[in-house]
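Reviewing the structure listed below.
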Amino acid sequence: MTGERPFLPAGEHEGTGLDYLRRIVAGEIASVPIGDTLGFRPVEVESGRIVFAGTPDRRSYNLIGTVHGGWAAAVLDSAMALAALSSLDEHHLFTTLDLKINYVRALTAETGEVVAEGRVLSAGRRVILTESKLTDGAGKLLATGQSTCLVIPRAKRG
């Protein structure tokens with residue numbers, strides 16, 4: 811998925827979080843590396859909201875024959891984290907303080923493409939609350955997530 815596009819960590823980008831994410835969605839810079847590994851990518855972004863799409867396959871299975879819960883957790887976590895990032899100015903980054911995932915339905919390779927939408931519920935000077943939902947192509951809810959992020963100053967460069 812990253813192909814020849816360079817990976818640029820958010821802390822090395824000089825603009826806002828939203829500017830950075832728009833460059834990823836536009837294909838100007840490489841997407842989230844974990845998404846390359848697990849097969850999901852950001853497809854839509856605006857301030858306080860991002861959408862990921864991906865298709866789990868049998869490489870993501872657990873021993874009982876369904877997609878490992880960690881796959882859903884990773885895409886939901888990415889959606890919440892980058893929703894938080896999309897709300898930040900060029901002087902701040904964040905770190906995740908907590909993460910809660912609720913599983914509603916099992917995923918299998920037959921589930922097909924799924925969509926994770928992450929949203930900022932509240933953005934204060936120090937704390938950002940986020941939520942996410944994972945749905946299948948028919949709009950059925952598969953899992954939800956909630957997260958709290960701590961806003962931190964971006965390290966000064968140079």
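First residue of the sequence shown? That's 811 in my numbering, and the numbers climb one at a time after it. For every residue, glycine included, the Cβ atom is placed at its ideal position computed from N, Cα and C.
For glutamate 822 versus valine 835, is the C-beta spacing smaller than 8 angstroms?
no
Quick check on DSSP: helix, strand or coil for leucine 931?
strand
Test item: CB-CB of leucine 895 and leucine 831 under 8 angstroms:
yes
Measuring straight from C-alpha to C-alpha, what distance separates alanine 916 and cysteine 959?
27 angstroms
Taking serine 896 as part of the alpha helix (DSSP H), name the residues at either end of that continuous run.
879-896
Identify, in the order they occur along the chain, each residue of the same chain with its Cβ nearer than 7 angstroms to the Cβ of leucine 903, setting aside the five sequence neighbours on each side.
Ala820, Gly821, Ile962 and Arg964
What's the gap between the Cα of leucine 867 and the Cα of isoleucine 839?
It is aspartate, not leucine, that sits at residue 867 in the sequence shown. Cα to Cα, aspartate 867 sits roughly 25 angstroms from isoleucine 839.
Taking C-alpha atoms, which residue in Glu900, Arg859 and Ala919 lies nearest to glycine 947?
Ala919
Can you tell me whether DSSP reads isoleucine 860 as helix, strand or coil?
strand
Burial state of serine 932, where buried means 16 or more other Cβ atoms lie within 10 Å:
exposed
With H, G and I counted as helix, E and B as strand and the rest as coil, what does DSSP make of valine 914?
coil
Helix, strand or coil at alanine 948 [DSSP, three-state]
coil
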